[in-house]
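Here the structure comes first, spelled out in structure tokens, and everything after it is commentary.
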Amino acid sequence: MGDRLLAWLAVGLVAIAAFHFFALWSFLYWKFLWLDTVMHFAGGAWAGGFFFWARRRFPAYFAEPARTAGTVLQALAMVALVGVVWEFYEFGMDLVLQRGVSTYELLGQQGVRDTMGDLFFDLLGGLAAAVVLVRYNSSERSAPFSRR
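Below you can see the structure in the form of structure tokens.
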């Protein structure tokens, strides 16, 4: 899983970043308000996948939870951290780039409701990635001739 997951993560990060900058440049976030939700879900899924890759690649840095639920909670904690850092980034970009612009619609941070929705979909994407990767790991281990 390690190398294949890392390749998927690299492709995913490039795709998310490229689409994000394209959406900013072409004002897609303002034309399609739901797009922000999709991007937060994708970012959360990416962060969740990155957690599972890092956990396998650097096991000494992670406490071993007793159950799968502990691993999923650790993944969600990392997703939450990444999501909060991203919200600070959006807030900072509003302060720096929107200085002197009074149009409310151009702001990335449109209030607490927007921020909470963003964090919710970050976590939902992370949970989806965790469920997929936990199932993949358990099926890989139970296969009779799996390569490790």
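Adding 106 to a residue's 1-based position in the sequence shown gives its number in the working numbering. Quick reminder that beta carbons are idealized off the backbone N, C-alpha and C, glycines included.
ask   = Within 10 angstroms of its Cβ, does Ala249 collect 16 or more other Cβ (buried), or is it exposed?
value = Only weak support exists for where Ala249 lies, its pLDDT of 47 falling under 50; the coordinates are left without a value.
inquiry  = Would you call the segment 143–163 in contact with the segment 171–181, where contact means no fewer than 3 C-beta pairs closer than 8 Å?
reply    = yes
key: C-alpha gap between Leu169 and Ser132, whole angstroms   = Checking the sequence, you will find Ala at residue 169 rather than Leu. C-alpha separation (whole angstroms): 44 Å.
query = Once you ignore the five residues that flank Gly255 on each side, which residues in its own chain have a CB closer than 8 Å to its CB?
reply = The structure shown has nothing for residue 255, since the chain only spans 107 to 254.
query = Does the beta-carbon distance from Val185 to Gly223 come in below 8 Å?
reply = no
key: Supposed close pair His146, Phe227 - CB separation, criterion 8 Å   = 4 Å
message = If you reduce the DSSP assignment to three classes, tell me which class Gly223 lands in.
response = helix
request  = Return helix, strand or coil for Phe158, following the three-state DSSP convention.
outcome  = helix
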